[in-house]
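Asker: Just so we're aligned: the sequence shown equals residues -27 to -1, 1 to 1024 in mature numbering (1 follows the signal peptide of the UniProt record, and there is no 0).
I have a structure here, written as structure tokens, and I will follow up with some questions on it.
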Amino acid sequence: MARHSRSTRMQALLSLISITQITLTTASPVPCGCERFTTVLEVNAAPRIPVAAAPSDMSGVLPLPSNNPVVQIVDGQIQAPYTGLPFLPGPAGTITPSLPAPLPSQQSQGTSSASQGQLTTIPDGPTTTLPSQRGVSESTSQTAALPSLGSVSQETQPVYPASRTQLLTIMSSLATSLSSQQVVVPQTTLIASQAQLTTFLSSSIPTLVSASLASQEQSTSITNSLVTSQAAVSSLVVPVVTVTPTTVVTTTVPDTLLTSLTTSAIQTPSLPVPTNTIGSLHTSLEASGVITTLPFVTVVPTATTALSLISSISVTPTASINATSININEIFQAIATDTPPAQISQRSDHPVARLGISPQQKKLETNKFYANLFLGSQTSGVFTLPYVITWLKGHGSGGLVSWGLAISHSERSAIGFGPAAPVTGAASFYTNPIGVQPVVLSAAQLSTGTTLTTDSLAGFSVNANLVPAGASSPMITLPLVQGSAFTTAIYSNGATPLIDSGVGITNVTYSGTVNGTTGGKYRLALSDKSTWLVYVFTSDTTYATNMFTLLNPNRIQGPSGFEGYIQVAKLPMNATYEVNYEETYDAAAGVYPTAASISGTVDGTVGTYSLSWTKGGITDRTLLMFALPHHTTSFSAATSSQLTGIQLMTPTKGMGSAVLADSWTLVEPTLSISMSFAPWSQAGSMIDLSPQAQELVNAAATAELAQDISAQTDLNSMYFSGKGLSKFAAIVYATHDMAHNATLALTGLEALKSAFEVFVNNQQINPLVYDTVWGGAVSISSYNSGNSGDDFGNTYYNDHHFHYGYFVYTAAVIGYLDPTWLTDSNKAWVNMLVRDYANPVDSDPYFPFSRSFDWYHGHSWAKGLFESADGKDQESSSEDTMASYGLKMWGKIIGDVAMEARGNLMLAVQARSLADYYLYTSDNTVEPPQFIPNKAAGILFENKIDHTTYFGTAIEDIEGIHMIPIMPFSTLTRRATFVAEEWNTYFQTYINSVTSGWRGILMANLAIVDPKTSFNFFANYSGTFQPGMLDGGASQTCIEASELDKRPLIR
């Protein structure tokens, strides 16, 4: 690596300026094995400098006023009054660097392999279509290409400093070449000559002269950028500057240099504003905790001996399971609060430690929207909707480096679409850019050593805290609540508030005080044409809320000693209604939500639930909260009247609508209360079979119940074991209630009870343990193997509702056919599973509130304790509803009316939300039209939707994962119009090509709209059915019974 004399360069620098402070800070290692160094020079006044070819309005010398504020130069970047990359404005939605483009060797910086996707720039304008290469990786991201200023070779021409800006640019290049360990020279130390500087550097930083730069390119880019001597300066050469965008840090200024603003005062930056709306597209699938195998057993053991019927059993099933109405005033009642069963041992050594979580009495949530705050790097996004909150942790975009929390929002025009699918032409995925930081809330006291902590973890909210290095309490606390129209940051401990922007601030307007309050209001116009409102509130009457000063296009600074809170909100990018929207924001500013609670009732077949928020700040004001599409279509008339017309796009849930209310009431008017174990439609359950159908069902049941139940259920996976148990539970029920063969059914029931007892006794291959760290029942598998992916990540809280829902359903069937089985021991074990994934209260001392089901989103999240750049995700919408269905039926059987009613309400909410976000009919207006022809979502993340699966890319994989299992609830969530469109799109001509277990799933699903064709297939009238076409969790008995001798199930 080439080396150059720093002393010669410093001669030139000292000949021009007076240095009052040099800060040399070691940064993180770079791939070449060197260390990267951040160099900061603070400059006050400078002597007169000879200037040749000066502009006509200038004399032969360029004076710098002695009262200039401190200028900071960091890694070649001028920090005040201008911060950020030296970009010049280009065409709308583009970024144009002010220096020549990088050499080809620099253009490959940040690229990733084809399997991780191609690099793509995402301007805030036309959407970008990505190539098809996309793979599964442990944790990879795809970075949109930043216009790099790189290390550029260019011929140096004499250019004279015609302005202070040019002079600072020249000085910045010399600052770039410095590198060493951290040394700070007090401002009182005056280094006035080259000799003094050389003496200081030799004694304080002996490694300076021999220290290597971070790369060969950085080193060679300094060549020929020297000034010969102070005495002979006749020209100054503009040097080639190496810019590392991620090492820029902005400065702050003393309060005395802030400006006292009058109402309507407009601040604009003195230098060009960086137009940085570029982010990253994360297109790969993060495979942590995921098993890439089919979601069913592909080999089903055949019967080896004839079934021995038991004729001496005498049981009386529960009298009636066909309810017609339910009446209960509060459905969110505790199931139990006692300790998990004694056979479930406890462990306190979970593989994922609590990271920065303050102790609390309520059990910790593992699958909620804010989990990224305490997982991994803590820098992945938190999707509060419509905003995304991200801790920058010393990084940033647009040249900004910050330790604050960024608030971002993407318009639909900014999303990136995947390649067109071959059959439909639909985009194979769409994703929102990450890493764009329009507004960052921070404080001058936050720097290296700042930590992120959380407290008050709850079902709808969390507090995120930023604690300065060495401090014992937070300086900034953000109460993050789903749907918040304002992002609120509470400042304490004498903070100096900073409002930064990686996008770039075009101007700031001080709007005076907020109506009816003493809070100050600012209007930020950013370079991406967006407008953000900032409100500053404090109870300190001496604090000047009108002195938030624009230092440069990346930073606004407020006076020090701030004790109060700042609120940020984005105006919709719709000029026609902007004024009215702003008035609405003004009316709601000053109050903020701190937490949420839910309550619900069921009256007959009508379910009603309410979301209510506790408030902070000016609590006599009304909250402004954003609702999702499935909320607004179920709002009561009173809540609908509070819609304001303000709408902001959410990443994957369509347009959010702002509601001015402290609580919402939502109504589901047609609960599926009559649904039980039998095939169901809105007309009710259908049990009676014709003699011909009974004969077929009995024949199939005789063969299937002769199989080894234990071999299909006592597996090393809770998921596959649960599927096996539920399969035989459905067979036993259909045989008993629909084929009316009690002897055969009860013979199978005894075998089923024995298989289930293995799990109640916790004697399965991988027993459950109670995890005291996070509060849940988890498989011991990952403890033993060290592999987070065991059993689909069960130990890490992945997929608990999928796994345990099958057991709960099975228990309901057993309890229905044999009420004597409902002992305290059996009920306690099953209730433990329900409390783990669907606990209705937050006061349970052992399990959190509603781990899986998200009452704000209207469906569950499957991802547990894994950091994810795209947030939480879920692959199977049908198994999500299976979990709610199991809950409903278990509540019915054990007489827990609140649980039964809650399950019915969850199913209704899911039917509504799945139609919006998962299962798309052609008239869907929620998701992008480019994606609708895919029909099913694939994997739904908080930040993207990918029409694929973790285990395969065949269309039967992608669509089929939203079908399994086909059960009575299927006709509720998989509506006839959708099923017909999906079938005609994919399977009408393709079905005969599918010979795996998916064939049975696809044909069973067809019965929703074409029961005759489906029945004929499984009855083998066409001669095409083969046993291998059934997946390991399905049975011919149940499918034939479900088709009811060709009677339609159309809703």
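Even glycine gets a Cβ: it sits at the ideal position worked out from N, Cα and C.
Rounded to the nearest angstrom, what separates T557 and T595 at their Cα positions?
Answerer: Residue numbering aside, residue 557 sits at position 584 when the sequence shown is read from its first letter. Residue numbering aside, residue 595 sits at position 622 when the sequence shown is read from its first letter. T557 and T595: Cα-Cα distance of roughly 11 Å.
Asker: Could you pull the DSSP bridge partners for V409 from this structure?
Answerer: The residue labelled residue 409 in the question sits at position 436 within the sequence shown. Note: V409 sits in no beta bridge, so no partner.
Asker: With burial defined as no fewer than 16 other Cβ atoms inside 10 Å of the residue's Cβ, what is the status of G618: buried or exposed?
Answerer: Within the sequence shown, the letter at position 645 stands for residue 618. Exposed is the call here.
Asker: Could you give the residue range of the beta strand (DSSP E) that holds Y516?
Answerer: As a first step, residue 516 is located in the sequence shown; it is residue number 543 there, counting from the start. Neither: Y516 is in no beta strand (DSSP E) and is coded neither H nor E.
Asker: Who pairs with V481 in a beta bridge, going by DSSP?
Answerer: Position 508 of the sequence shown, counting from 1, holds the residue named residue 481. In the DSSP output, where bridge partners are listed per residue, V481 has Q240, L497.
Asker: Give the range of the alpha helix (DSSP H) segment to which T950 is assigned.
Answerer: As a first step, residue 950 is located in the sequence shown; it is residue number 977 there, counting from the start. First-last of the alpha helix (DSSP H) with T950: 949 to 955.
Asker: Pick out whichever of Y743, T421, V409 has its Cα sitting closest to the Cα of A315.
Answerer: Taking the sequence shown and counting its residues from 1, one reaches residue 315 at position 342. When only C-alpha atoms are compared, the closest one is Y743.
Asker: Can you have a look at I1012 and say buried or exposed, based on whether 16 or more other CB atoms are within 10 angstroms of its CB?
Answerer: Position 1039 of the sequence shown, counting from 1, holds the residue named residue 1012. Buried: at least 16 other Cβ atoms inside 10 Å.
Asker: So what does DSSP say about T578, is it helix, strand or coil?
Answerer: Residue mapping note: residue 578 aligns to position 605 of the sequence shown, counting from 1. Note: T578 maps to coil in three-state DSSP.
Asker: Within 8 Å, do at least three Cβ pairs link the stretch 752 to 771 to the stretch 695 to 714?
Answerer: The stretch 695 to 714, when compared against the stretch 752 to 771, does not touch it at the 8 Å Cβ threshold.
Asker: Should the stretch 772 to 788 be called in touch with the stretch 690 to 708, which here means at least 3 C-beta pairs below 8 Å?
Answerer: At 8 Å Cβ cutoff, the stretches touch.
Asker: Within 8 Å, do at least three Cβ pairs link the stretch 434 to 447 to the stretch 603 to 621?
Answerer: No: the two stretches stay apart, fewer than three of their Cβ pairs being nearer than 8 Å.
Asker: Looking at S841: is its Cβ nearer than 9 Å to the Cβ of D764?
Answerer: Counting from 1 along the sequence shown, the entry for residue 841 is found at position 868. Counting from 1 along the sequence shown, the entry for residue 764 is found at position 791. Going by C-beta atoms, S841 is not nearer than 9 Å to D764.
Asker: Going by DSSP in three states, V781 sits in which element: helix, strand or coil?
Answerer: Taking the sequence shown and counting its residues from 1, one reaches residue 781 at position 808. V781: helix per DSSP, three-state reduction.
Asker: Give the single residue among P526, D513, G748 whose Cα lies nearest to the Cα of S533.
Answerer: Position 560 of the sequence shown, counting from 1, holds the residue named residue 533. Here the closest residue by C-alpha is D513.
Asker: In whole angstroms, what is the alpha-carbon distance linking L425 and L346?
Answerer: In the sequence shown, the residue the question calls residue 425 occupies position 452. In the sequence shown, the residue the question calls residue 346 occupies position 373. Rounded to the nearest angstrom, the two C-alpha atoms are 8 Å apart.
Asker: If G590 sits next to V564, beta carbons under 8 Å apart, how far is it from one beta carbon to the other, in whole angstroms?
Answerer: Start at 1 with the first residue of the sequence shown, and residue 590 comes out as number 617. Start at 1 with the first residue of the sequence shown, and residue 564 comes out as number 591. Contact holds; Cβ gap of about 5 Å.
Asker: Let me know the secondary structure DSSP gives G432 once reduced to three states.
Answerer: In the sequence shown, residue 432 corresponds to position 459, counting from 1. DSSP places G432 in coil when its eight states are reduced to three.
Asker: Kindly indicate which three-state DSSP category L346 falls into: helix, strand or coil?
Answerer: Looking up residue 346 in the sequence shown gives position 373. Helix at L346.
Asker: Looking at C-beta atoms only, is the number of pairs between the stretch 413 to 431 and the stretch 324 to 339 that lie closer than 8 Å three or more?
Answerer: At 8 Å Cβ cutoff, the stretches touch.
Asker: Do three or more CB pairs link the stretch 830 to 849 to the stretch 770 to 777 at distances below 8 Å?
Answerer: Touching, per the Cβ criterion.
Asker: Would you report the Cα separation of L795 and E852, rounded to the nearest angstrom?
Answerer: Along the sequence shown, read from residue 1 onward, the residue named residue 795 stands at position 822. Along the sequence shown, read from residue 1 onward, the residue named residue 852 stands at position 879. C-alpha separation (whole angstroms): 25 Å.
Asker: Determine the closest residue to T339 out of D983, G1005, W747, D815, with distance taken between C-alpha atoms.
Answerer: As a working mapping, residue 339 is identified with position 366 in the sequence shown. Nearest option by C-alpha distance: W747.
Asker: How many Å lie between S1008 and Q667 at the Cα?
Answerer: Position 1035 of the sequence shown holds residue 1008. Position 694 of the sequence shown holds residue 667. Roughly 15 Å between the two C-alpha positions.
Asker: What is the rounded straight-line gap between the Cα of Q992 and the Cα of L669?
Answerer: By 1-based counting over the sequence shown, the position of residue 992 is 1019. By 1-based counting over the sequence shown, the position of residue 669 is 696. The identity of residue 992 in the sequence shown is Ala, whereas the question assumes Gln. Cα-Cα distance, rounded: 7 Å.
Asker: Which runs of the alpha helix (DSSP H) at least 4 residues long sit entirely within the stretch 563 to 634? Give them in chain order.
Answerer: You should have 602 to 605, 610 to 613.
Asker: I think L621 touches P901, with their Cβ atoms under 8 Å apart; what is that distance to the nearest whole Å?
Answerer: What you label residue 621 is simply residue 648 of the sequence shown in a count that begins at 1. What you label residue 901 is simply residue 928 of the sequence shown in a count that begins at 1. About 16 Å; that fails the 8 Å criterion.
Asker: For A498 and Y403, I'd like the C-alpha separation in whole angstroms.
Answerer: Your numbering for residue 498 matches position 525 in the sequence shown. Your numbering for residue 403 matches position 430 in the sequence shown. Cα to Cα, A498 sits roughly 28 Å from Y403.
Asker: Pop quiz: I905 and Y789 are said to be a contact at Cβ under 8 Å. What is the actual Cβ separation, rounded to whole angstroms?
Answerer: The residue you call residue 905 lines up with position 932 of the sequence shown. The residue you call residue 789 lines up with position 816 of the sequence shown. Actually they do not touch by this definition, with Cβ atoms about 40 Å apart.
Asker: Suppose contacts are defined by Cβ-Cβ distances below 9 Å. Is T490 in contact with F510 by that definition?
Answerer: On the sequence shown, residue 490 is found 517 positions in, with the first residue counted as 1. On the sequence shown, residue 510 is found 537 positions in, with the first residue counted as 1. Yes, they are a contact pair.
Asker: Quick one: give me the first and last residue of the beta strand (DSSP E) that G749 is part of.
Answerer: Numbered from its first residue, the sequence shown carries residue 749 at position 776. It spans 749 to 752 - the beta strand (DSSP E) in which G749 sits, taken as one unbroken run.
Asker: What does the alpha-carbon distance come out to for the pair T854 and L945?
Answerer: Along the sequence shown, one-based indexing puts residue 854 at 881. Along the sequence shown, one-based indexing puts residue 945 at 972. Roughly 10 Å separates the two Cα atoms.
Asker: Answer yes or no: do A871 and E303 have a C-beta to C-beta separation smaller than 9 Å?
Answerer: Your numbering for residue 871 matches position 898 in the sequence shown. Your numbering for residue 303 matches position 330 in the sequence shown. Yes, the Cβ-Cβ distance between A871 and E303 is below 9 Å.
Asker: Sorted by chain position, which residues of the same chain lie with C-beta nearer than 6 Å to T623's C-beta, five sequence neighbours on each side aside?
Answerer: As a first step, residue 623 is located in the sequence shown; it is residue number 650 there, counting from the start. The answer, listed in chain order, is L358, P359, G629.
Asker: Which whole-angstrom value describes the C-beta separation of V967 and E929, a residue pair presumed to lie in contact below a C-beta threshold of 8 Å?
Answerer: Position 994 of the sequence shown holds residue 967. Position 956 of the sequence shown holds residue 929. Sure, about 5 Å apart at Cβ, within 8 Å.
Asker: Below 7 Å CB to CB, which residues in the same chain sit around L894 once its five sequence neighbours on both sides are set aside?
Answerer: As a working mapping, residue 894 is identified with position 921 in the sequence shown. Here the sequence assigns Thr to residue 894, which means Leu is not the residue at that position. Only T950, F951, E954 meet the Cβ criterion.
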